[in-house]
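The sequence shown lines up with residues 106 to 359 when you count with our numbering.
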Amino acid sequence: MRQPSPPRGEMKNVLLLKAGDAANAVKLSVGDYEHWFVESLAGGCRFDILHVHRGARLPDSAEGYDAVMMTGSPASVTQPEPWMERSAEFMVNAAAHGLPVLGVCFGHQLLAYAHGARVVRNTHGREIGTVEVALSEAGREDPLFHGLPERITVQATHEDIVEHPPDGATVLAGNANTAVQALAFGPLIRGVQFHPEVHPAAMRALILARADKLEVEATSRGHAPGERVNRLLAGLAPTPAGRRILENFVERFT
């Protein structure tokens, strides 16, 4: 049950739709998806966490909240389930009633799907680790990326991508692996394919948890076995832009 909202101006009340669970090994070492959001915005936000992937009932409205966010997920929008449809409808309706919405990774894909986009497996394979993305002209002007350079370094892990931006959406960022790394759907909805909430230690745990699968994929693409995971781990770096993006969303959209 929600606790009473604090006075406006002190903390922002965020409804976080949790769309999946991290692997047990990841949770034991660095926590679960929701913990990374809470850590990134500690002191500025208060979160209510709804486990929508487990069938948690969505409220009739998002009244009383300042924003809605959605996490990543091991689930795939390419295999829709009823909870996904309900969550997508809830987020779109929340924005229609004036509430800002941010979808991360799976959440980004679900928002794009709700607006008519096609979500597909990435032919380039899984993008994972510390990566660079480039802001588009629109991205450089968007408040989500306020104060950031044209090229930013972020953490990422995903197999699915938004194939093309849906009608009415604007691409804010991309890279060679994933052309649609961030989207704007009107003034209040934003989606990012990468993970602004993830820190290097969490990314390390995510890489190690799927090390065998990463090596199998690399070998299937003609790479020498045993090299990919070491290369990914060696390439991990701090990504302060991620936290700045989350702070921008809270400070400039709510």
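Glycine included, C-beta positions come from ideal geometry on N, C-alpha and C. Quantities reported herein were computed from a predicted structural model and do not represent experimental measurements.
Buried/exposed call for residue i, threshold 16 Cβ in 10 Å
{"i": "P254", "result": "exposed"}
{"i": "H328", "result": "exposed"}
{"i": "Q184", "result": "exposed"}
{"i": "N353", "result": "buried"}
{"i": "N118", "result": "buried"}
{"i": "P187", "result": "exposed"}
{"i": "F358", "result": "buried"}
{"i": "A130", "result": "exposed"}
{"i": "G347", "result": "buried"}
{"i": "P111", "result": "Annotation note: pLDDT 43 at P111 (below 50); position unreliable, no value reported."}
{"i": "R159", "result": "exposed"}
{"i": "E295", "result": "Contrary to the premise, residue 295 reads as Arg rather than Glu in this sequence. R295 should be labelled buried."}
{"i": "A339", "result": "exposed"}
Residue i and residue j closer than 7 Å at C-beta
{"i": "L293", "j": "A243", "result": "no"}
{"i": "L371", "j": "I312", "result": "Because the chain spans 106 through 359 in this model, residue 371 falls outside it and cannot be assessed."}
{"i": "A217", "j": "P271", "result": "yes"}
{"i": "D153", "j": "L120", "result": "yes"}
{"i": "A128", "j": "A314", "result": "yes"}
{"i": "L351", "j": "S145", "result": "yes"}
{"i": "V135", "j": "A307", "result": "yes"}
Straight-line gap, residue i to residue j (C-alpha atoms, nearest Å)
{"i": "D247", "j": "E194", "result": "25 Å"}
{"i": "A161", "j": "E115", "result": "28 Å"}
{"i": "S181", "j": "G148", "result": "32 Å"}
{"i": "H251", "j": "A316", "result": "35 Å"}
{"i": "V297", "j": "W141", "result": "16 Å"}
{"i": "E190", "j": "E356", "result": "29 Å"}
{"i": "P230", "j": "T176", "result": "Note on identity: in this sequence residue 230 is Gly, with Pro being the wrong assignment. If I take the Cα positions, the gap works out to 21 Å."}
{"i": "P301", "j": "A172", "result": "16 Å"}
{"i": "P305", "j": "H202", "result": "36 Å"}
{"i": "P345", "j": "R223", "result": "31 Å"}
{"i": "R107", "j": "S166", "result": "In this prediction, R107 scores a pLDDT of 38, lower than 50, which makes its location untrustworthy; the coordinate-derived value is nonetheless stated afterwards. Each residue's alpha carbon lies about 13 Å from the other."}
{"i": "L133", "j": "A310", "result": "10 Å"}
{"i": "I266", "j": "E168", "result": "31 Å"}
{"i": "R151", "j": "R326", "result": "44 Å"}
{"i": "A199", "j": "N280", "result": "30 Å"}
{"i": "V157", "j": "D126", "result": "11 Å"}
>> If we require 4 or more residues per run, which alpha helix (DSSP H) segments fall completely within the segment 193 to 240?
In response: 211 to 219
> Hey, is the segment 261 to 270 in contact with the segment 233 to 245, meaning 3+ C-beta pairs nearer than 8 Å?
Replying inline: yes
>> Going residue by residue through the segment 245 to 324, where are the continuous beta strand (DSSP E) segments of at least 3 residues, counting only ones entirely within it?
In response: 256 to 263, 265 to 267, 274 to 279, 287 to 290 and 294 to 297
> Can you find at least 3 beta carbon pairs, one from the segment 193 to 210 and one from the segment 279 to 286, that sit closer than 8 Å?
Replying inline: no
> Considering only residues of the segment 117 to 198, which uninterrupted beta strand (DSSP E) runs meet the minimum length of 3 residues and lie entirely inside it, listed in chain order?
Replying inline: 117 to 123, 150 to 156 and 172 to 175
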